[in-house]
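Here the structure is laid out as structure tokens; the discussion comes afterwards.
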Amino acid sequence: MTTHSAPSPHFPDSLLNILGVIYVHRKTPDGGDIYFTRFGLPFAKHLDLENWYEKKWFREHRERLDGTSAVFRVPTRAVGETSLDLVVKNCRVGEDVPLETESLPEPIGAEFNSPWEEFALVMEMRDGVYGPRTIRINTQDPLAIYVPPEKMQLWQSGRSPVKINRILARHPGIDIDILRQYKLIYGWIQGRNILEALTGIGMGGEELDRDLLMLNRKVTGDLERKGYVVADMKPVHIILGAAEVGAIDSVTEADGNEMRRLRHEALCDFVNKGAYSIVDYELLVRTPPHEEQVRWRRRHAYLDDQRDRFKSTPLPAHLSAVTVFAVPYIFGHVESTGGALWVVGNNGRLFDYFLPERWRTTHSWRLSPINEVFYTITKDQIHIVWKTSRVGELPRLETADPRPDLITVNGFNSPFEEFALAHYLNEKGIPTVYVRAIYMTGSVKQEESVDSRRFDSHKGLRNPDRTATLRPDRNYITLRGYFNGSDRWVAEQSGGLCRPVDLAKALQTGIVNQAEQFRMIDRVKSGLRSVGCNGALLEPNDLLLAVAPDGSIVRDTTGRPEVRICNLELIIRR
8 MTTHSAPSPH FPDSLLNILG VIYVHRKTPD GGDIYFTRFG LPFAKHLDLE NWYEKKWFRE
68 HRERLDGTSA VFRVPTRAVG ETSLDLVVKN CRVGEDVPLE TESLPEPIGA EFNSPWEEFA
128 LVMEMRDGVY GPRTIRINTQ DPLAIYVPPE KMQLWQSGRS PVKINRILAR HPGIDIDILR
188 QYKLIYGWIQ GRNILEALTG IGMGGEELDR DLLMLNRKVT GDLERKGYVV ADMKPVHIIL
248 GAAEVGAIDS VTEADGNEMR RLRHEALCDF VNKGAYSIVD YELLVRTPPH EEQVRWRRRH
308 AYLDDQRDRF KSTPLPAHLS AVTVFAVPYI FGHVESTGGA LWVVGNNGRL FDYFLPERWR
368 TTHSWRLSPI NEVFYTITKD QIHIVWKTSR VGELPRLETA DPRPDLITVN GFNSPFEEFA
428 LAHYLNEKGI PTVYVRAIYM TGSVKQEESV DSRRFDSHKG LRNPDRTATL RPDRNYITLR
488 GYFNGSDRWV AEQSGGLCRP VDLAKALQTG IVNQAEQFRM IDRVKSGLRS VGCNGALLEP
548 NDLLLAVAPD GSIVRDTTGR PEVRICNLEL IIRR
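For the sequence shown, the numbering used here begins at 8 and goes up steadily by one.
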């Protein structure tokens, strides 16, 4: 069965790398998207929608499998005289985890994987690099991810409004895909789960319960030694293949209890030798030691790549090098949301670190009582600050504010102007926070952009696919480094790092006095004027000091406190 489908001339294929997994992306005739893995591509014709998801065929041939989620076994239509049995499941990312599925002693915090995270973990587990080489975890073949074109209503999605609202409260303005449906397609494993296998040889009652517990513990132990945990591991998720089942059934040289005993021994022997597969991966996670190793490796690779972010690397076909206002970016589409991402620099290896699924649902701390500014530690243990851009809004002014003309005449800078300012000012020796990436949400924003000036002035900016770079119907999120020392300094540290303190808090906590605060603000504004910029609108909380682990203020090469600009949305460049 190695039939390939010819790509449609109207929907050209593209090659994508998402969280380390290579996909062939193809638009489907219904306007949706399908992403083939290396296991699914040889069966692309079988996976044509007409061959398994055509409404009448799917309804008449699907078989619902046991479990709390919508999982179906469905055969494809015959292609070249062969049919393929599929397992099709709806991804439950964003839904509440039912309590009965949580079988760990401490299941609190279990979250369903996104489709891309699930496939990445399954691929990683199949490769088996972590843990003893003598243990191999077999899985279903992850074939493809299909994303239908339709958007669901919230009540149709099955996703928890409470959970979604909690995520939205932490991440306002961020597209969290609650109305997008993802269908994960796996290959069916011919065989029996161990519950079926044990009952098939006549086991029952307490004896059956004992064996199920014993075999389930054996498999969870194998998983743990390979660095993984499945929060809802059950005997029905442990599959003996057709060859093993055939070998058990072939034990016929005895009668009655003796034959059952011999078959039972053969069954347990197969499990003890690792001749089984596991299925259902939506709650698959790494063990803490494995996760710590992966995070440590990825964080150090990230720090090295971030230090070398302006060194060009080879780019895969789905990423492009672009320049916006003299700042180089790696640009690509975000397949999980339909959005887009611009990562500062020329290093394509940095792109995956800023995909929204790596930072949007991790715990966040709000840094500003006024603006949507949050600090989080990503799934890769990267400390970032993200902020919802206010481009297109009109500044809200207090009646006593003496600066209305300057604010209203200029308006809020676009995220690309902010990043260009940061790039320019750092080159001129005026430190700013490290700008990392700009994320455009895939969903249409709810509020209308009332200040159109930036959208008019940016009209000529186009992405490689000819779409507008700055769109009034989308939200933009700027991501920057959480300042804890220079990139080069941080990459070399294994102990405590610096912590940022804005000048308003520095005054409140006694780190600086008022005279020192005024001098620092005046020095920054004077420096801005010297390079053709107007910083009259900067406030004390727009400027950061770096405090070293020993409590001292980090100073520049001249011995003066190093003050960094952290808010660039109202700086005017002449």
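The beta carbon of each residue, even a glycine, is placed where N, CA and C say it ideally should be. Treat the numbers as computed from the prediction; the structure is a model and nothing was measured.
Residue j beta carbon less than 8 Å from that of residue i
i       : j       : result
Ile-245 : Asn-200 : yes
Tyr-189 : Gly-39  : no
Ala-513 : Leu-552 : yes
Phe-361 : Ala-444 : yes
Tyr-235 : Met-132 : yes
Asp-37  : Pro-156 : yes
Asp-256 : Tyr-309 : no
Leu-348 : Gly-355 : no
Pro-122 : Leu-191 : yes
Leu-23  : Glu-342 : yes
Tyr-489 : Ile-391 : yes
Leu-357 : Asp-312 : yes
Phe-462 : Glu-289 : no
Ile-437 : Val-538 : yes
Ala-127 : Asn-97  : no
Thr-344 : Gly-248 : no
Val-531 : Ile-572 : yes
Gly-194 : Gln-147 : yes
Pro-471 : Val-329 : yes
Asp-509 : Leu-550 : yes
Ala-151 : Gly-253 : no
Phe-277 : Glu-260 : no
Ser-375 : Tyr-382 : no
Thr-369 : Ile-384 : yes
Leu-72  : Val-81  : no
Met-447 : Gly-542 : no
Val-554 : Arg-506 : yes
Ile-285 : Val-243 : no
Asn-58  : Val-86  : yes
Tyr-60  : Thr-44  : no
Helix, strand or coil at residue i [DSSP, three-state]
i       : result
Asn-433 : helix
Ala-308 : helix
Trp-59  : coil
Cys-540 : strand
His-68  : helix
Asn-24  : strand
Leu-91  : coil
Met-210 : coil
Lys-452 : coil
Val-561 : coil
Phe-332 : coil
Phe-79  : strand
Gly-281 : coil
Ser-464 : helix
Gly-566 : coil
Val-286 : coil
Arg-530 : helix
His-370 : coil
Ile-255 : helix
Arg-166 : Low local confidence applies: a pLDDT of 48 at Arg-166 is under 50, so the model's placement there is unreliable, with the coordinate-based value given in what follows. Coil at Arg-166, not helix or strand.
Phe-525 : helix
Val-104 : coil
Tyr-489 : coil
Pro-296 : helix
Arg-506 : strand
Contact test: residue i Cβ vs the ligand ATP heavy atom, cutoff 7 Å
i       : result
Leu-545 : Inclusion of the ligand ATP in the displayed structure is not the case, the ligand content being empty and no account of it being possible.
Counterpart residues of residue i in DSSP-defined beta bridges
i       : result
Asp-40  : Lys-34 and Val-154
Asp-1   : There is no way to answer for residue 1, as the model of the chain reaches only from 8 to 581.
Arg-580 : Cys-540
Arg-469 : Ala-475
Asn-482 : BP columns for Asn-482 are empty, so no partner.
Gly-418 : Per DSSP, none; premise fails for Gly-418.
Lys-96  : Val-78 and Leu-191
Ala-204 : DSSP output for Ala-204 lists no bridge partner at all.
Phe-338 : Ser-327 and Trp-349
His-390 : Ile-384
Next on the checklist: I want to know whether the segment 326-340 touches the segment 418-434 - three or more CB-CB distances under 8 Å.
Outcome noted: Contact between the segment 326-340 and the segment 418-434 is present: 3 or more CB-CB pairs across the two stretches fall below 8 Å.
Checklist entry - Below 8 Å, can you find three or more Cβ-Cβ pairs linking the segment 224-234 to the segment 141-153? => result By the criterion of at least three beta-carbon pairs nearer than 8 Å, the segment 224-234 is in contact with the segment 141-153.
Item to check | Three or more C-beta pairs below 8 Å linking the segment 387-401 and the segment 471-489 | outcome: When C-beta atoms of the segment 387-401 are compared with those of the segment 471-489, three or more pairs fall below 8 Å, so the two segments count as touching.
Item to check | Any beta strand (DSSP E) of 3 or more consecutive residues that is wholly inside the segment 218-273 | outcome: Segments of the beta strand (DSSP E) lying fully in the segment 218-273: 235-237 and 245-248.
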